[in-house]
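Report on the structure given below.
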Amino acid sequence: QPPMKRDGGGGGIGNSCGQNSGNGGHKSYNSTNRHASSGGGGSGGGNVNNVDEELPEELRGLDKELIEKINNEIVDTGEQVTFDDIAGLKHAKQTVNELVIMPMIRPDLFTGLRACPKGLLLFGPPGTGKTLIGKAIAHESRATFFSISSSSLTSKWIGEGEKLVRTLFAVASYRAPSVVFIDEVDSMLTQRKADENEASRRIKTEFLVQLDGAGNGRKGQVLVIGATNRPQELDDAARRRFVKKLYIPLPDQDGREALIANLLKKNDHTLTDAQLAQLAKDSEGFSGADLKILCTEAAMGPLRKFGAKAVEMNSKDVPPISYKNFRQALRQVNPSVAQSDLASHIEWNNTYGSMV
Ligand code: ADP
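Read in order, the letters of the sequence shown correspond to residues 591 to 946 in UniProt numbering.
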């Protein structure tokens, strides 16, 4: 995955409110002053740099340019994901629904002991749907989705990391309900190492401070979701902040079958249910991302035999994807997750994971 998700960001600040539609109006500061949605302004698109404009009270004192960068580059306006788009993971979906989505939609019902946790950790091998779940939570709870990877905090936002974290949380609170999704959260909240530099230490401290303060702001819920393939690297302080820790495992056989069927929806194919079930069986150990590679490889099969002539073909003449194409693909594509990795996830889950 690219560290920064820029998809759909071309509309600048105005578009970034898409996910909030139907949620009582826009809250991007720009959209409150009638400059929003001028359309296609591009990144930083002209409509956001009006220095004369006052920031709303909640954001005053913060760096205006940084706020704009956050609205343009970190607010994710890409394709919206629903729970139906996520195959398998029934347990995770159920838990997340009860634990965070319902409380975010109806904070008035979920108070006190029932209140939404501030921090949710999704851990498990790569390519199992952690990011998809983050997106689906934002969509289903009609929240603004902020998405950033830890590594970009220290690379892309170099020198601004600490300030960015502070500003990010302020904007998230202003645009609440919000979901702040931090990919590779382990690399930001890692146990202290001898070579840890001052900048990373400060980012980490700021993040923990903000995480403590997040939650039920005046404007509503801010949920922080951390995703990691290496939960063992989180230090105690960070681990404690993520009250709920949810294991996102590799798909089981039913999950794999659903995933393959989902992926095949957009193409013609001749696979029977029995063949689908057989493929699901033979792809044990594959992650969702691996299965996508497998299906892509299989989908190339019908074109490959035409070689260079494929570019001249009429689309109607392309043969459907066959079981044989999949058998061939299975010889090319291997699972990406090592058994030893799985074992360490299961162990960590047994020690720290939230079962409900
Ligand atoms: P990660 O767990 O590393 O965050 P992602 O959520 O980014 O993984 O998933 C990577 C890709 O793999 C997705 O874009 C999707 O195509 C596919 N994928 C993984 N798990 C699932 C799933 N449970 N349902 C549907 N697609 C999945």
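Every residue gets a Cβ at the ideal spot worked out from N, C-alpha and C, and that includes glycine.
Beta-carbon contacts of F673 that lie in its chain and below 7 Å, excluding the five residues immediately before and after: K683, A726 and E730
Proximity test, D675 beta-carbon vs the ligand ADP heavy atom, cut-off 8 Å: yes
Close-in-space but distant-in-sequence residues of the same chain around I691 (CB under 7 Å, 5 per side omitted): These residues qualify, in order along the chain: I727, E730 and S731.
For I676, three-class secondary structure by DSSP: coil
Nearest candidate by alpha-carbon position, reference V908, set G897, Q918 and R917: G897
Any non-hydrogen atom of the ligand ADP within 8 Å of L854 CB: no
Separation of Q670 from L861, as counted between CA atoms: 29 Å
Distance CB(L722)-CB(I676) smaller than 9 Å: A contact, by the Cβ cut-off of 9 Å.
Residue environment, M903, which counts as buried when at least 16 other CB atoms sit within 10 Å: exposed
Cutoff 6 Å; reference G717; Cβ partners in own chain excluding five residues on either side: S877, G878 and A879
Reduced DSSP category for Y619 - H, G, I as helix; E, B as strand; rest coil: Any answer about Y619 is weak, because its pLDDT of 49 lies below 50 and its placement is not dependable; what the coordinates show is given next. DSSP places Y619 in helix when its eight states are reduced to three.
N- and C-terminal bounds of the alpha helix (DSSP H) containing F916: Where F916 is concerned, the enclosing alpha helix (DSSP H) stretches over Y913 to Q922.
Those residues which DSSP pairs with L836 across a bridge: L712
Assigned exposure category for S905 - 16 Cβ within 10 Å defines buried: Exposed is the call here.
Endpoints, alpha helix (DSSP H) assigned at A760: G751 to Y764
Classification of P821 by the beta-carbon crowding that lies within 10 angstroms, buried from 16 upward: buried
Residue from D844, K856 and D825 whose Cα sits closest to the Cα of D863: D844
C-alpha gap between G651 and R791, whole angstroms: 24 Å
Rounded C-alpha distance that separates G635 from L758: At G635, the pLDDT of 36 sits below 50, so the modelled position is not reliable; the number obtained from the coordinates is stated separately. So the alpha carbons of these two residues sit roughly 20 Å apart.
Distance CB(A733)-CB(M694) smaller than 9 Å: yes
Stretch pair the stretch 882-897 + the stretch 914-921: three plus CB contacts closer than 8 Å: Taking 8 Å as the limit for Cβ pairs, the verdict is that the stretch 914-921 does touch the stretch 882-897.
Nearest to G678 (by Cα), restricted to the options E937, P841 and S934: P841
Contacting residues, own chain, Cβ-Cβ under 6 Å from E648 (five flanking each side not counted): Y764
Cα-Cα separation, S930 to C706: 34 Å
The ligand ADP heavy atom lying under 8 Å from the CB of K720: yes
Contact belief for L711 with F832 at Cβ below 8 Å, rounded distance in angstroms: 4 Å
Pairwise C-alpha distance: K856 and I883: 15 Å
Backbone CA spacing between V923 and R704 [nearest angstrom]: One C-alpha to the other measures close to 45 Å.
Near the ligand HEM: P646 beta-carbon under 8 Å from a heavy atom: Judged by which ligands are present, the ligand HEM is missing from the structure shown, whose ligands are the ligand ADP.
DSSP three-state assignment for G719, whether helix, strand or coil: coil
Any non-hydrogen atom of the ligand ADP within 8 Å of S877 CB: yes
Own chain, CB closer than 7 Å to G751, minus 5 neighbours either side, in chain order: L743, T744, A789 and I793
Distance cut-off 8 Å: D776 Cβ against heavy atoms of the ligand ADP: no
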